[in-house]
Every structure is written in C-alpha cells, then in structure tokens.
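Novice:
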C-alpha cells in the first residue's frame, strides 16, 4: 500500500484551521479553492469536483472535534483503495501544523497522487495563511 504524508504550517490559529477543515461541504470555498471547484453533500459523504474535472465521492469516516481530525475515503478515480486524514496540531510557539496522510492502492498511482496532494496542500496553505491575517 502506498502512503503520502504532507504537512502544512501556518500562523493561523488551530481553531480557525479546524473550522475550515471540518466544514466538509466547503472545500471549494474555505479549504482548497482553485484546487476544488465544487462540493456537494449527501448523507454520509461529499461529492468533490476538482479543477481538472475529476469527480470523486468521498464517504466521511469520522469528524473528531477533540482530536481535530477528519478521515475520509474515496470512490472513483484511479485508486482501488483510498483512505486519508487531515489532523490539526497547535504549535507551542504559535500557529498550526496540519498533517495530511493518504493511504492508497495500487502503489503505482503514487506519482499522480503526489502531484494532486501537492496542489491540494498549496491551496490549503493559501487558505490557512489568509486566516492568519
């Protein structure tokens, strides 16, 4: 199984960052605008449209407010298995670190997913940094 782990550091408060992440229907407006162009909610899931036109259904596994952790899976696209999490950590010196971990099959989609997660990470960083201002 392939794994990709990325981190985003921002000066924004952890509570504001978590608010944007846990708003699962607002990826296209609050979390990753420009990378995600539309999000529709349905019972237990969201349907996400990406800038490249790909549409993925993402069942929500858990929204854990205490741990500030969102977990979802994905149906559609190039993977036979996809499970991911975003977790928010307040930094002792101030600001926030967000850790995104994605586990997937088959392993050979790693280059494609790495590019996609990189673009998503950059979009989130812009959103989080805007919260710090």
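Residue numbers (our numbering): 51 to 183.
Using N, Cα and C, we set each Cβ at its ideal position, and we do this for glycine too.
1. Is residue 108 buried or exposed, if buried means 16 or more other CB atoms sit within 10 Å of its CB?
2. At what residues does the alpha helix (DSSP H) containing residue 118 begin and finish?
3. Does DSSP classify residue 110 as helix, strand or coil?
4. Quick check: the Cα distance between residue 53 and residue 151, rounded to an integer number of angstroms?
5. Return the Cβ separation of residue 68 and residue 118 in integer angstroms, given the expectation that the two are a contact with Cβ distance under 8 Å.
6. Under 8 Å between the Cβ atoms of residue 178 and residue 58?
7. Would you report the Cα separation of residue 63 and residue 72, rounded to the nearest angstrom?
8. Would you report the Cα separation of residue 160 and residue 182, rounded to the nearest angstrom?
9. Ignore the nearest five residues each way along the sequence and tell me which others in residue 104's own chain have a CB closer than 7 Å to its CB.
Specialist: Looking at the atomic coordinates:
1. As a first step, residue 108 is located in the chain shown; it is residue number 58 there, counting from the start. The residue is buried, with at least 16 neighbouring Cβ atoms inside 10 Å.
2. Sequence index remark: in the chain shown, residue 118 carries index 68 (1-based). Where residue 118 is concerned, there is no enclosing alpha helix (DSSP H), given that its DSSP letter is neither H nor E.
3. For the purposes of this step, residue 110 is identified with residue 60 of the chain shown, where counting begins at 1. DSSP places residue 110 in strand when its eight states are reduced to three.
4. Indexing the chain shown from 1 puts residue 53 at position 3. Indexing the chain shown from 1 puts residue 151 at position 101. About 7 Å.
5. What you label residue 68 is simply residue 18 of the chain shown in a count that begins at 1. What you label residue 118 is simply residue 68 of the chain shown in a count that begins at 1. The Cβ separation is near 5 Å, so the contact holds.
6. What you label residue 178 is simply residue 128 of the chain shown in a count that begins at 1. What you label residue 58 is simply residue 8 of the chain shown in a count that begins at 1. Yes. Within cutoff.
7. Residue 63 sits at position 13 when you count from the first residue of the chain shown. Residue 72 sits at position 22 when you count from the first residue of the chain shown. Answer to the nearest angstrom: the Cα atoms are 14 Å apart.
8. Along the chain shown, read from residue 1 onward, the residue named residue 160 stands at position 110. Along the chain shown, read from residue 1 onward, the residue named residue 182 stands at position 132. If you take the alpha carbons of residue 160 and residue 182, they lie about 32 Å apart.
9. In the chain shown, the residue the question calls residue 104 occupies position 54. So the qualifying residues of the chain are 127.
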